[in-house]
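Engineer: If you're matching positions, the sequence shown starts at 127 in our numbering and goes up one per residue.
Got a structure for you, questions after.
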Amino acid sequence: MIVHTAIGDSVRIFDGRAAWIAAPDKPLPLMSLTGGNLEGAKIDAMLSFPAQIKQAFAQWRVGATAIDDREVRVLQGINPRQAPVNFYFDESGLLVRLVRFVDTAVGRVPTQVEYSDYREVSGVKIPFRWTTTWTDGQATTELSEVQPNAPIDTLRFAQPAPAPRPKAE
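Below, the structure written as structure tokens:
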């Protein structure tokens, strides 16, 4: 995923095994993801191809709760030696929230993603807006268009170049 920001492009890549972030707002211009952060990148990538989600977890738990006074179904995916992942679906079956966790030295840290503005693209409903919230920040992503089955050069999945540092004003 490439996000164009005011201070430069933020590039996030997951190649199926490894993941990187090259962004001008990170402590390093190129960061390799490991541990729970790598697992988070894997989950984020899987959501682009949701047919893979069921097989991604060894065990599932089902429950219900409410988000903004609307009842939602909660599916919790569990794998041995990994933090659980919670998927929240509305009455129509659309994913409205994802909560995943990373185990750190200071405890379990959540990342929450809220999905909205679903639009049909080639017969599939896709969120055109999502807001990701973590312990020290929040980012909203809004898509202007989606091109299904667009050809992507395999080189796009290679480790990216380090992000250029923002210019001082």
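We put the CB at the ideal spot given by N, CA and C, even for glycine.
#1: Under three-state DSSP, which class holds Leu220?
#2: Three or more beta-carbon pairs under 8 Å between the segment 283-293 and the segment 138-150, yes or no?
#3: Return the CA-CA distance between Gly263 and Ala144, expressed in angstroms with no decimal places.
#4: What residues match up with Ile278 in a beta bridge as DSSP calls it?
#5: Which value, in whole angstroms, describes the spacing of the CA atoms of Arg282 and Met127?
#6: Quick one: give me the first and last residue of the alpha helix (DSSP H) that Glu271 is part of.
#7: DSSP three-state label for Met172, please.
Structural biologist: To lay it out plainly:
#1: coil
#2: yes
#3: 24 Å
#4: For Ile278, which the question treats as bridged, DSSP gives no partner whatsoever.
#5: 10 Å
#6: Element bounds for Glu271: n/a, residue is neither H nor E.
#7: helix
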